[in-house]
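Quick notes on the structure that follows.
Number of protein chains: 4
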Amino acid sequence: MPHTTGVRKRKVAVLGASGTVGQRFISLLAGHPWFEISALTTSDAKAGKRYGDVTPWLLGEDMPPEVADMRVETTRGDLDAEICFSALPSEAAEEWEAALAKAGHHVFSNVKTHRMDDDVPLILAEVNPEHANALDVQRRNRGWTGSIVTNGNCSAITFTLAAAPLHLAFGIEQVVVTTLQALSGAGYPGVPSLDALDNVIPFIGEEEEKMEQETKKFLGSWDGTSFKDAEFPFSAHCNRVSVRDGHTVTVSAALRGRPGLREVTLAMRAFKGRPQQLGLPSAPKQPIVVRDEQDRPQPMRDRMAGNGMSVVVGRVREDPVLGLKFVVLGHNTIRGAAGASVLNAELLAAEGCLGA
Amino acid sequence: MPHTTGVRKRKVAVLGASGTVGQRFISLLAGHPWFEISALTTSDAKAGKRYGDVTPWLLGEDMPPEVADMRVETTRGDLDAEICFSALPSEAAEEWEAALAKAGHHVFSNVKTHRMDDDVPLILAEVNPEHANALDVQRRNRGWTGSIVTNGNCSAITFTLAAAPLHLAFGIEQVVVTTLQALSGAGYPGVPSLDALDNVIPFIGEEEEKMEQETKKFLGSWDGTSFKDAEFPFSAHCNRVSVRDGHTVTVSAALRGRPGLREVTLAMRAFKGRPQQLGLPSAPKQPIVVRDEQDRPQPMRDRMAGNGMSVVVGRVREDPVLGLKFVVLGHNTIRGAAGASVLNAELLAAEGCLGA
Amino acid sequence: MPHTTGVRKRKVAVLGASGTVGQRFISLLAGHPWFEISALTTSDAKAGKRYGDVTPWLLGEDMPPEVADMRVETTRGDLDAEICFSALPSEAAEEWEAALAKAGHHVFSNVKTHRMDDDVPLILAEVNPEHANALDVQRRNRGWTGSIVTNGNCSAITFTLAAAPLHLAFGIEQVVVTTLQALSGAGYPGVPSLDALDNVIPFIGEEEEKMEQETKKFLGSWDGTSFKDAEFPFSAHCNRVSVRDGHTVTVSAALRGRPGLREVTLAMRAFKGRPQQLGLPSAPKQPIVVRDEQDRPQPMRDRMAGNGMSVVVGRVREDPVLGLKFVVLGHNTIRGAAGASVLNAELLAAEGCLGA
Amino acid sequence: MPHTTGVRKRKVAVLGASGTVGQRFISLLAGHPWFEISALTTSDAKAGKRYGDVTPWLLGEDMPPEVADMRVETTRGDLDAEICFSALPSEAAEEWEAALAKAGHHVFSNVKTHRMDDDVPLILAEVNPEHANALDVQRRNRGWTGSIVTNGNCSAITFTLAAAPLHLAFGIEQVVVTTLQALSGAGYPGVPSLDALDNVIPFIGEEEEKMEQETKKFLGSWDGTSFKDAEFPFSAHCNRVSVRDGHTVTVSAALRGRPGLREVTLAMRAFKGRPQQLGLPSAPKQPIVVRDEQDRPQPMRDRMAGNGMSVVVGRVREDPVLGLKFVVLGHNTIRGAAGASVLNAELLAAEGCLGA
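Line by line, the protein sequences are chains E, F, S and B.
First residue of the first sequence: 58, per the working numbering; consecutive thereafter.
First residue of the second sequence: 58, per the working numbering; consecutive thereafter.
First residue of the third sequence: 58, per the working numbering; consecutive thereafter.
First residue of the fourth sequence: 58, per the working numbering; consecutive thereafter.
Next up, the structure:
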């Protein structure tokens, strides 16, 4: 697909358009050079109303005026869209994602429902674009003309993007991480303010499990018939803190051969993937920004690096236990959710996996 | 020392009385059954003024009326007090703590200056009360009639109190921790609100070093002539979060013999120390409270456990890397600072180490 | 009723016990010298379960252990309690408060349902205790053996308590107020953290109306057959800010005769009411604390004045438009809700309005 | 001045470049079509260092790369710049603003120092552009070839911009306002987080006086020889709340002739000024955005309206005391500070007041 203007834009739907991730999809898709929003779906109760009237818009910038006047629809199999970006609640995702794929839509899902399915690729565009090859098997298995591609949980993506060049260059042997996750990750209304103010919540349902499993699928391989997980012990502590956007992750890791800090930093700084090679519209120039200041990354200062599509690493230093430690920050609703899905769609469009 | 009322109270001074830790000392000493505040010191500029006029009181409850009208003094060698609780800035501590001990005062310091000195005990009352034996050597070495006893850094104390029964029962082999530390730990004015609001700061100067070193001294031994550190690799990631009081610490640990979760929990729940045996006024009934709920401890809900003198542990579970993980929370300016010093003074008074 | 110990305690129920106001009722009633909690009600779904298991406890101190093990009940007419403190949702209040009063219970309600009823007193114990005389009419009208007494909205109470001595001494001609209200006023889960963090919400449903109406009923009179409102133009702007507890109210007021600032301050400082005369257990010594510092009152520093039962006034100064301006702060869930109801019950018990 | 590209850009300096307002100046001037940053000044201690190294960058977006590498200078009379945007601390402003104007620079100051001077215009570009005529008198009086133009205090600007069409169309008789001001208005480090978290501070030094005085100068007239203040009683209550950016102001106002709400709303919606007529680069299309939702404006959702250069009005309704009430929100460091100064400079450049 040529990256020029003037080409016909593909019609895209946003499923679950009024939630926090749905809003990010809209914000990222408004004015997109390749895609054009043709449908917005929400729960039944809102169907037929103006998007602007049913959505408690939570992003700092204004709601894009072109979507404010669109009428929201219920999710259904014959949406007028080639591509469906899904931010559905999990029950609705269970019901609709497969139905849409069967009906010929290309579903890029931010939902966990199909992430660990045997024939559904979980793709982080810079890390494992070759997992898209599983779509042939998926279509064959399921008799679909469309497809489902998932992106991962926000914490898994943030960690994996920083860890990928280290796994590639050296091999990860063991990892212990602690997350300090933003409130927007819990959606809206999500975390009550009486729980968030002057507090930390040291638990997020299923988050540690998702982070551990998805990371291993991301860093694993597709052998033509099945996915093979990367194998290393991984321990995650997941916490919610009083931050609007941006997940901070502290990482202690053992790498094979115990590389020096300089090698580690170089590997992260040099890392580029297919999105950078192809010059995809949403690809950040630097997937991993490494900062030298002793007190970075910080959510407030760094979450918008690369328009929210880069992760920012800092405090690369020796770990007395595992050898290496550092901090990584990612924007949870951009890089960790909607932006990752949009980049996946750009990648598959550019690679010709979505038809002409 | 009999724990009855009617006994003469010892006169105590609070050094550095107007800061956040100084305020906690005052709050804990007001109405204390054994101690009576006889002097408050602050920086020169404030000397001679009413305490109530020079102190931006930061605790939720009111300033104790009996101290509001006291005149603050500059720190000097002949303060009218047997015991001096020090919350001095480190330069002033350097200048005055030793001078006061030489002049016969018993200094209980919350400052780092002398913590790692060869003949200064770093005491956590439930954990290593026998380190007080070093005071004989200290007095002989230095020709003092008084003494200096230090407590530790707030993060070191919080972790160590939870870890002590595990080290005792099983032996710690390796530990990786991440802290989510409260704003009050940085003092006042401390962290600017523009840095704290909607943000995490993944760095606290010297905190990781202090936490690693002090923990090993706490859990080490005094052999009659010198301190011997506990020896195990320890890695700390220290972060500041938007919480007023209460440090949360996520812990991944390898224990010798890989005990089961039940054994670990029992060891923590059963743990008592000298303060509990002696029934010291500031001793919490349970030094370690273990909670079963999946989302506890939380700073807002748990920091006042045991009047702020207990640490609260939760989420005891298996760690895929090191074997054991859990979360521990402690009140950083009570258990982690002023309260720990007051408990140390009570302990040494009760044990007869401070004279009649 | 003699204020001695040893007297039989009255049994009290807390209706709607698991919400934020219900929790405050419990916190204030645990260990109360006159009252003993005999029943806790919540919504049907929780009936029969341990209170400790169904309540997301939100107060900093621990849940009183004696209530944690109580079984919650559904609200019903034959609760085993003389007095019912109601923190019911308004629909349930509609259904049950009158039924309970009919069945002989004395209902002290924190709910708006009956506040403006013609024969239901809206009482602020220091301000209009004589409105309790309306209970004779209420019982006669309705054929009840029990009764309903309401307290007011949190903002109305905070303002009225500060304004009462001014209205009494001088007469209020006009008032313009702006509130900065705490999150706990919206209950739990209440305000989503994504709305509260780094934000102000300049609207609280029906709050301005309630504040304007209830203040006039409080400051009005009972003439033996009906309530007569105080009459003055009153304008309220109500806002939600990121504060856990404590409503701040800025006040611009025109008083009859334009008294000087010193007279105003004296009137507020000298103000005492029946609760102070009777020495009621929950009565603060000073209903109105006036502070001279230029930057007080502040929620974090002043909300617990008088154990949360005093309001704190500051910045008394001239207003170029209306003559007088000041700031007043009250603890919204103590003085502004549960504490006001408990004080009303103490008042009526002491005055003999509840039977022996 | 033609608004075309290709024209020579004027060199501009930012004085006091590392503070919060200095940073906003830089953010607004980076890529400006008419201006080019040629000098950055800070306090002596930092002179000669990279701007990027001496500045704790506080804005969400990244520091513009073109300024990160500039060397900061001390403020001095011969800066290489036609226009100087001043965000100096007030002592430095006292020393340097006049010196720079004398030396031929056009100083656009955000500092209070000269705001109320008899021959210094205090300009809000949409409201009183004709006050620029005072510059002739200023230059004559003072023998300057340059000039000083000031913008106002952030609260004064926010209120005045909303009030101007009302004063113009109807005449303001009386106003009572309460502000809920953002933390960034206090600069950096500014408000300590221990004061900001879970708190309101009901006092900002000199803010009420500035707001009252400056508003009257803005809405007053220049008669060729002196400024004549608008005359109406104005009462302000100023408060600091836990919000990063965006001042909320509640307004109760008496307008001459008591216009209806519809007339008021129309007057605000229809309001345009010289910046809109001239199409200045920083001029928002709508200086005043009026919203109909009952819970707007909110800082988090509305502060970036018109790129932070619009004020947003909501809740226009009847006031029982003064007749009219509404809420207005403005971005305090953009519209209320740096952006207002940049717009003033654009205005005077376009009007030919700064030479060719």
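Where a beta carbon is used, it is the ideal one built from N, C-alpha and C, also for glycine.
As the structure is a prediction and not an experimental result, all values here were calculated from the model.
Which whole-angstrom value describes the C-beta separation of residue 239/F and residue 303/F, a residue pair presumed to lie in contact below a C-beta threshold of 8 Å?
-> Within the second sequence, the letter at position 182 stands for residue 239/F. Within the second sequence, the letter at position 246 stands for residue 303/F. With 8 Å as the limit, residue 239/F and residue 303/F qualify as a contact, their Cβ atoms being about 5 Å apart.
Check each candidate in 365/E, 316/E, 203/E and 83/E and name the one with the smallest Cα separation from residue 123/E.
-> By 1-based counting over the first sequence, the position of residue 123/E is 66. Checking every option, the nearest Cα to that of residue 123/E belongs to 83/E.
Could you tell me if residue 391/F is buried or exposed, where buried requires 16 or more neighbouring beta carbons within 10 angstroms of its beta carbon?
-> As a position in the second sequence, residue 391/F is number 334, starting the count at 1. Per the 10 Å Cβ criterion, buried.
What is the DSSP secondary structure of residue 4/B, counted as helix, strand or coil?
-> With chain B represented from 58 up to 413, any question about residue 4/B goes unanswered, as that position is not in the structure.
Range covered by the beta strand (DSSP E) that runs through residue 165/S = In the third sequence, counting from the first residue as 1, residue 165/S sits at position 108. Where residue 165/S is concerned, the enclosing beta strand (DSSP E) stretches over 163-166.
Give the range of the alpha helix (DSSP H) segment to which residue 78/F is assigned.
-> If you number the second sequence from 1, residue 78/F lands on position 21. Residue 78/F -> alpha helix (DSSP H) spans 77-86.
Chain F partners of residue 235/E, CB-CB under 8 Å?
-> If you number the first sequence from 1, residue 235/E lands on position 178. Ordered by position in chain F, the residues that pass the 8 Å Cβ test against residue 235/E are 235, 294 and 307.
Leaving out five residues on either side along the sequence, give the residues of the same chain with a beta carbon under 7 Å from the beta carbon of residue 127/S.
-> Translated into positions along the third sequence, residue 127/S becomes position 70. Counting only Cβ-Cβ distances below 7 Å, and skipping sequence neighbours, we find 97 and 108.
If you run the structure through DSSP and keep just helix, strand and coil, what is residue 317/E?
-> Mapped onto the first sequence, residue 317/E falls at position 260. Three-state DSSP puts residue 317/E in coil, outside helix and strand.
Please name the residue, chosen from 271/S, 188/S and 101/S, that lies closest to residue 212/S on a Cα-to-Cα basis.
-> Here residue 212/S is taken as the residue at index 155 of the third sequence, counted from 1. Of the listed residues, the one whose Cα sits closest to residue 212/S is 271/S.
DSSP puts residue 436/F in a beta bridge; with which residues?
-> No answer is possible for residue 436/F: it lies beyond the span of chain F, which begins at 58 and ends at 413.
The region 344-366 of chain F: positions lying closer than 8 Å to chain S by Cβ = 357, 358, 360, 361 and 362
According to the neighbour-count rule (16 or more other Cβ atoms, all chains shown, within 10 Å of its Cβ), is residue 408/F buried or exposed?
-> Here residue 408/F is taken as the residue at index 351 of the second sequence, counted from 1. Exposed, since its Cβ has fewer than 16 Cβ neighbours within 10 Å.
In angstroms with no decimal places, state the Cα-to-Cα distance between residue 251/E and residue 385/F.
-> Position 194 of the first sequence holds residue 251/E. Position 328 of the second sequence holds residue 385/F. In this model, residue 251/E and residue 385/F are separated by some 21 Å (Cα to Cα).
The beta strand (DSSP E) spanning residue 214/F covers which residue range?
-> As a first step, residue 214/F must be located in the second sequence, where it is residue number 157. Premise fails: residue 214/F lies in the alpha helix (DSSP H), 211-226, not in any beta strand (DSSP E).
Own chain, CB closer than 6 Å to residue 394/S, minus 5 neighbours either side, in chain order = Counted from its first residue, the third sequence places residue 394/S at position 337. The beta carbon of residue 394/S lies closer than 6 Å to those of 78, 167 and 211 in the same chain, with the five residues before and after it left out.
Three or more beta-carbon pairs under 8 Å between the region 346-361 of chain S and the region 369-381 of chain S, yes or no?
-> yes
Residues near residue 368/E in its chain [Cβ-Cβ closer than 6 Å; skip 5 each side] = What you label residue 368/E is simply residue 311 of the first sequence in a count that begins at 1. Taken in chain order, the residues that qualify are 215, 218, 219, 345, 385 and 387.
Please report the residue range of the beta strand (DSSP E) in which residue 169/B lies.
-> Walking along the fourth sequence from the start, residue 169/B turns up at place 112. Taken as a continuous stretch (DSSP letters only), residue 169/B belongs to no beta strand (DSSP E), as it is neither H nor E.
Could you tell me whether the Cβ atoms of residue 95/S and residue 111/S are closer together than 8 Å?
-> To locate residue 95/S, count along the third sequence from 1; it is residue 38. To locate residue 111/S, count along the third sequence from 1; it is residue 54. No. Outside cutoff.
Out of 323/F, 93/F, 226/F and 403/F, which has the shortest C-alpha to C-alpha gap to residue 340/F?
-> Residue mapping note: residue 340/F aligns to position 283 of the second sequence, counting from 1. Each of 323/F, 93/F, 226/F and 403/F was checked against the Cα of residue 340/F, and the nearest Cα belongs to 403/F.
How big is the Cα-Cα spacing for residue 411/S and residue 206/S?
-> Position 354 of the third sequence, counted from the start, is the residue given in the question as residue 411/S. Position 149 of the third sequence, counted from the start, is the residue given in the question as residue 206/S. So the two alpha carbons sit approximately 11 Å from each other.
Would you check if the distance between the CB atom of residue 209/B and the CB atom of residue 192/B is smaller than 8 Å?
-> The residue you call residue 209/B lines up with position 152 of the fourth sequence. The residue you call residue 192/B lines up with position 135 of the fourth sequence. Result no, Cβ atoms of residue 209/B and residue 192/B do not sit closer than 8 Å.
Residue closest to residue 179/S, alpha-carbon to alpha-carbon, out of 119/S, 284/S, 389/S and 318/S = For the purposes of this step, residue 179/S is taken as residue 122 along the third sequence, with counting starting at 1. For residue 179/S, the nearest C-alpha among the options comes from 284/S.
Check whether the Cβ of residue 145/F sits closer than 7 Å to any heavy atom of the ligand FAD, and report yes or no.
-> Among the components modelled here there is no ligand, and therefore nothing to report on the ligand FAD.
Quick one: Cα of residue 258/B to Cα of residue 199/F, how far?
-> Here residue 258/B is taken as the residue at index 201 of the fourth sequence, counted from 1. Here residue 199/F is taken as the residue at index 142 of the second sequence, counted from 1. Rounded to the nearest whole angstrom, the C-alpha separation of residue 258/B and residue 199/F is 49 Å.
Proximity test, Cβ basis, 8 Å: residue 394/E and chain S = The residue given as residue 394/E occupies position 337 in the first sequence. It does not; no Cβ of chain S falls within 8 Å.
With distances taken between CB atoms, is the gap from residue 183/B to residue 312/B smaller than 8 Å?
-> As a first step, residue 183/B must be located in the fourth sequence, where it is residue number 126. As a first step, residue 312/B must be located in the fourth sequence, where it is residue number 255. Not a contact, by the Cβ cut-off of 8 Å.
Can you pull the chain B residues whose beta carbon is under 8 Å from the beta carbon of residue 249/F, in chain order?
-> Here residue 249/F refers to the residue found at position 192 of the second sequence. Under the 8 Å cutoff, chain B gives 245, 246, 247, 248, 249 and 250.
Environment of residue 85/S [buried if 16+ CB atoms lie within 10 Å] | In the third sequence, the residue the question calls residue 85/S occupies position 28. Buried, by the Cβ-count rule.
What do you reckon, are the CB atoms on residue 134/S and residue 203/S nearer than 8 Å?
-> For the purposes of this step, residue 134/S is taken as residue 77 along the third sequence, with counting starting at 1. For the purposes of this step, residue 203/S is taken as residue 146 along the third sequence, with counting starting at 1. Result no, Cβ atoms of residue 134/S and residue 203/S do not sit closer than 8 Å.
State the beta-bridge partners of residue 416/E as determined by DSSP.
-> Residue 416/E cannot be examined here, being either before or after the span of chain E that is shown, 58 to 413.
Beta-carbon separation of residue 297/S and residue 243/S under 8 Å?
-> The residue labelled residue 297/S in the question sits at position 240 within the third sequence. The residue labelled residue 243/S in the question sits at position 186 within the third sequence. For residue 297/S and residue 243/S, yes; Cβs fall inside 8 Å.
Since residue 299/E meets chain S, which of its residues come closer than 8 Å, beta carbon to beta carbon?
-> Residue 299/E sits at position 242 when you count from the first residue of the first sequence. By Cβ distance, chain S contributes 250 and 254.
If we cut at 8 Å on Cβ distances, does residue 100/S have a partner in chain E?
-> As a position in the third sequence, residue 100/S is number 43, starting the count at 1. No, its Cβ sits nowhere closer than 8 Å to a Cβ of chain E.
Whole-angstrom Cβ separation of residue 246/E and residue 249/S, contact assumed at under 8 Å?
-> Taking the first residue of the first sequence as 1, we reach residue 246/E at position 189. Taking the first residue of the third sequence as 1, we reach residue 249/S at position 192. Correct: roughly 4 Å between the Cβ atoms.
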